[in-house]
Amino acid sequence: MKKVTATTNIDKLTQGFDMQLMEILKADLKNYKNKINKQTHTIKQAA
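Residues in the sequence shown are numbered consecutively from 242, following our numbering.
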């Protein structure tokens, strides 16, 4: 029974970690998109 509990706890930890990682990646992606949009806008103005 202890084995099952340990596995379950690891699964929960992994899920939590994956969710945090996804949030970080989403935030990074948003920042990246904003940078690209600003650069594109600047290039259009310069042209």
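Using N, Cα and C, we set each Cβ at its ideal position, and we do this for glycine too.
How many angstroms separate the CA atom of residue i from the CA atom of residue j?
i, j, result
"residue 269", "residue 276", "11 Å"
"residue 290", "residue 273", "Because residue 290 is not part of the residues shown, which for the chain are 242 to 288, the question remains open."
Going by beta carbon distance, what residues of the same chain come within less than 8 Å of residue i, once the five residues before and after it are set aside?
i, result
"residue 279", "none"
* To do: Note down, one range per segment and in chain order, each alpha helix (DSSP H) of at least 4 residues found wholly within the stretch 252-279.
  => none
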